[in-house]
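First residue of the sequence shown: 3, per our numbering; consecutive thereafter. For every residue, glycine included, the Cβ atom is placed at its ideal position computed from N, Cα and C.
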Amino acid sequence: MRKKVMLVAIAALLGAGIGAGLGYGPLLKYKTEGVLSMEMGTAEYKRFSELANDANTATQYMAVFPPPDLKGTELEHLIRTIALGGWHKPVPKVSRADAKELPDVLLQLEQEREKNQDAREQQRERRLPVTVYLGLRLTHTAPDPQQVANVASWLGDYFKDVATREAVREQVSRWKAENRQFSDRALERRLKFEFDIEQAQKRATALKTIVAAYPDAARRDSQQVVDVRKDNEKFMSPLSQLVGAESEVIDIRERLQKLDREIEQQSFVKSLVLEADTTANNAQSGNDSVRQLSSVITETSKKVKTEAEREKLLSLAADLSQISARFLTQAQFVAKPSVPALPERPTPLMVSLLSAVMAAFLVALFLWRRLIIDLLWRDESEKS
3 MRKKVMLVAI AALLGAGIGA GLGYGPLLKY KTEGVLSMEM GTAEYKRFSE LANDANTATQ
63 YMAVFPPPDL KGTELEHLIR TIALGGWHKP VPKVSRADAK ELPDVLLQLE QEREKNQDAR
123 EQQRERRLPV TVYLGLRLTH TAPDPQQVAN VASWLGDYFK DVATREAVRE QVSRWKAENR
183 QFSDRALERR LKFEFDIEQA QKRATALKTI VAAYPDAARR DSQQVVDVRK DNEKFMSPLS
243 QLVGAESEVI DIRERLQKLD REIEQQSFVK SLVLEADTTA NNAQSGNDSV RQLSSVITET
303 SKKVKTEAER EKLLSLAADL SQISARFLTQ AQFVAKPSVP ALPERPTPLM VSLLSAVMAA
363 FLVALFLWRR LIIDLLWRDE SEKS
């Protein structure tokens, strides 16, 4: 009996040793999390997250900005972790808990106020999407506490860079689409304006003939002309219609001048947009795409000859500056990932105790197997 007890004790010690090896080895995990401030819309977050969870995107970013203190298999493990997509979660403006605590009326008023404010900001900030999320909650686990904090901070920089690169790519695509659509429609609009001017001039000439033929009617006409439209001009005197026709010619010429100015601007930036598209596609990171596009705009500014060209170039520079400010400057950790003091459960001590108990139980079960079988058979026979 004493020998069996000793064997059980030895098994418990061996189990504790194995558990300690596992607890302080493969099962040792430290976890940290941080909150990155980055206002986004729903569609934006979906695009950014899909790109950030892509293994190729992560590998490309690692080649330019490698994670601190990671090598070989650790880098491969980090890429697999990124591809799984569980390392980031959006932080909504109004959570479910907030929605439960707030009365429906107050919540609806708050949402309406934010919606109206977002709409005003979109007009002022060049049509930014409505922000639904305030940022991201980033989490990471690793065997080393200092390493887990460093990698979590790196993941925040990685997501910011992915968002910047995608925003730049989308902006360049918008430039291309606007330039192409304008080129396709510019000639049509110009011909229409010229035709409208010709028609208004012919109508004005005809009205002058009518006014000259009836001078008494013209002298009696003292009505102020506010607007002459096709549906009400027949109720107005010839002199009023003449003034309206002349005013229409002036208005169309103004629109034609604006169109010519836009044609000049779009023609000037056409080569820049094509170069920007190539640059954005070849950039190695979001920072790199912003830097290279800024260089392209700077070089193009040396070719500016008119104020119209300068205005358009400044508009493109403002678009790029807005992206840089939003995703590189304003996006910051409001809760920076900290170095965890304690490992995640199960802790090494818990693993050692569980392993010791499991080993002792299995050895005891093996040593007293005959006694256990006899007790089971006795219970069965007594029941029968």
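Proximity winner among the options, relative to residue i (alpha-carbon distances)
i, options, result
"residue 259", "199, 139 and 242", "199"
"residue 40", "61, 32, 72 and 140", "140"
"residue 56", "312, 375, 87 and 45", "87"
"residue 7", "377, 368 and 379", "368"
"residue 16", "4, 208, 360 and 63", "360"
"residue 217", "207, 329 and 241", "241"
"residue 335", "138, 282, 72 and 58", "138"
"residue 197", "49, 282, 255 and 269", "255"
"residue 5", "366, 375 and 373", "366"
"residue 94", "85, 159 and 133", "133"
"residue 1", "206, 213, 271 and 154", "Lying outside 3 to 386, the shown extent of the chain, residue 1 is not represented and no answer is given."
"residue 71", "45, 52, 12 and 155", "155"
"residue 175", "207, 318 and 206", "318"
"residue 287", "375, 159 and 380", "159"
"residue 79", "153, 379 and 375", "153"
Counted within 10 angstroms of its Cβ, other Cβ atoms place residue i as buried (16 or more) or exposed
i, result
"residue 267", "buried"
"residue 142", "buried"
"residue 298", "buried"
"residue 74", "exposed"
"residue 304", "exposed"
"residue 307", "exposed"
"residue 275", "buried"
"residue 59", "buried"
"residue 343", "exposed"
"residue 282", "buried"
"residue 313", "exposed"
"residue 51", "buried"
"residue 377", "exposed"
"residue 311", "buried"
"residue 372", "exposed"
"residue 285", "buried"
"residue 328", "buried"
"residue 375", "exposed"
CB contact check: residue i to chain B, cutoff 8 Å
i, result
"residue 240", "Among the protein chains of the structure shown there is no chain B, as only one such chain exists."
Neighbourhood of residue i by C-beta, 8 Å cutoff - its chain only, sequence neighbours within 5 removed
i, result
"residue 325", "166, 169, 170, 173 and 292"
"residue 61", "81"
"residue 277", "298"
"residue 85", "55, 56, 57 and 60"
"residue 224", "Because the pLDDT of residue 224 is 47, which lies under 50, any placement of that residue in the model is unreliable, and the number read from its coordinates should be weighed accordingly. Excluding residues within five positions, none has a Cβ falling inside 8 Å."
"residue 191", "261"
Check whether residue i and residue j have beta carbons under 8 Å apart
i, j, result
"residue 333", "residue 77", "no"
"residue 194", "residue 244", "no"
"residue 265", "residue 188", "yes"
"residue 279", "residue 178", "yes"
"residue 330", "residue 295", "no"
"residue 320", "residue 36", "no"
"residue 409", "residue 345", "Residue numbering for the chain in the displayed model covers 3 to 386; residue 409 lies beyond these limits and cannot be assessed."
7 Å CB neighbourhood of residue i in its chain, flanking five on each side removed
i, result
"residue 47", "92 and 135"
"residue 151", "34, 339, 340 and 341"
"residue 89", "83, 140, 141, 142 and 157"
"residue 302", "274 and 315"
"residue 363", "none"
"residue 49", "168"
"residue 207", "none"
"residue 185", "268"
"residue 257", "195"
Chain-order list of residues whose beta-carbon lies under 6 Å from that of residue i (same chain, five-residue window excluded)
i, result
"residue 42", "135"
"residue 20", "357"
"residue 54", "161 and 164"
"residue 269", "none"
"residue 12", "none"
Check: residue i C-beta below 7 Å from any heavy atom of the ligand SAM
i, result
"residue 304", "The model on display carries no ligand, and the ligand SAM is accordingly not part of it."
The segment 63-80 touching the segment 156-176, judged by at least three CB pairs closer than 8 Å: Look at the beta carbons and you see the segment 63-80 touching the segment 156-176: at least three pairs across the two are nearer than 8 Å.
At least 3 beta-carbon pairs within less than 8 Å: the segment 244-257 vs the segment 201-215: With a cut-off of 8 Å, the segment 201-215 and the segment 244-257 count as touching, because enough Cβ pairs lie within range.
Meets three-Cβ-pair contact criterion under 8 Å: the segment 145-156 and the segment 283-292: The segment 145-156 vs the segment 283-292: no contact.
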